[in-house]
Amino acid sequence: MTEVLYLSYDGMTDPLGQSQVIPYLEGLTKKGYHFHLISFEKEIPYQRDKELIGNLLRSKNIEWHPLTYTKRPPVLSTLWDLYRMKSKGAGLIRKHGISLVHCRSYISGLAGLDFQQRFNIPFLFDMRGFWDDERVDGELWDVNKPIYKIVYAYFKKKEREMLFKADGVISLTENAKAEIESWKVRSTKKLPITVIP
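The sequence shown begins at -13 in our numbering and counts up one residue at a time.
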């Protein structure tokens, strides 16, 4: 059985985790993958649903390692969560002989990139969408403010690094796949992109 570390900055007690992540992992367990799942849980839904979700995941043979989501202060809280994701993930890699790291979206992708370099483990970048641009378009990051301008520039740089160093990339749409392939950063090698709507 293939041991996989699945990293999600979304919580499994959140609606998105329950509607998208858990069914996705459940389907893959039937194909011979065993998952160690790290997620970041918001306090109220976690306290309400941790037993229900924990029992559900155990019944699917998915090992859940929930961590508490940190909201404040902006930026620094995310760096702290990333540090904890890397720390917990590294321990699981060493303990369970993980052979693949599956990263949902950009924060998780940063950890996957780190694990690839440190442990020589393949990582799959499930990018979802252009997260950094979505943060700006949704007015969550005001790039007129110096801190968010720096953060945005950092993620644009890391976005390309994750895309072009990942052993596999999952995109939500054919349009996003075509956009990435048009960047031609890695002109000698075709990007391994799979579209999963």
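Beta carbons are placed, not taken as given, at the ideal position from N, Cα and C, and that holds for glycine. Here the structure is a predicted model, which means the values were calculated and not measured.
Buried versus exposed, by CB contacts within 10 Å (16 or more), residue i
| i | result |
| --- | --- |
| S173 | Low per-residue confidence applies at S173: pLDDT is 48, beneath 50, and the placement is therefore not dependable, though the value from the model is reported in the following sentence. S173 is exposed by the Cβ-count criterion. |
| A152 | buried |
| D0 | buried |
| A97 | buried |
| S94 | buried |
| E27 | buried |
| I55 | A small correction: the amino acid at residue 55 is Tyr; Ile does not occupy that position in the sequence shown. Looking at its Cβ environment, which holds 16 or more other Cβ atoms inside 10 Å, Y55 is buried. |
| S25 | buried |
| I136 | exposed |
Residue i versus residue j - alpha carbon distance
| i | j | result |
| --- | --- | --- |
| E29 | L43 | 19 Å |
| N41 | N130 | 45 Å |
| W50 | L78 | 11 Å |
| Y(-8) | P132 | 33 Å |
| L14 | Q103 | 25 Å |
| E(-11) | T159 | 28 Å |
| F263 | V61 | Here the chain has residues from -13 to 183 only, and residue 263 is not among them. |
| A76 | P9 | 25 Å |
| N161 | M71 | 31 Å |
Sheet register partners of residue i (DSSP bridge)
| i | result |
| --- | --- |
| R90 | S(-6) and D112 |
| H22 | L(-9) and E49 |
| V155 | F111 and I179 |
Neighbourhood of residue i by C-beta, 6 Å cutoff - its chain only, sequence neighbours within 5 removed
| i | result |
| --- | --- |
| I107 | V87 and F101 |
| R90 | S(-6) and D112 |
| I84 | E(-11) and L(-9) |
Continuous alpha helix (DSSP H) stretch holding residue i: start and end
| i | result |
| --- | --- |
| T56 | Counting along the chain, T56 falls outside any alpha helix (DSSP H), and DSSP gives it neither H nor E. |
| G13 | I8 to T15 |
| I84 | Note, I84: premise wrong, no alpha helix (DSSP H); not H, not E. |
| K163 | E160 to E167 |
Element boundaries [beta strand (DSSP E), containing residue i]
| i | result |
| --- | --- |
| T180 | I179 to V181 |
Contacting residues, own chain, Cβ-Cβ under 7 Å from residue i (five flanking each side not counted)
| i | result |
| --- | --- |
| D35 | T(-1) |
Sequence-distant residues of the same chain with beta carbon closer than 8 Å to residue i, five excluded per side
| i | result |
| --- | --- |
| L177 | L149, F150, V155, I166 and E167 |
| E147 | L99 |
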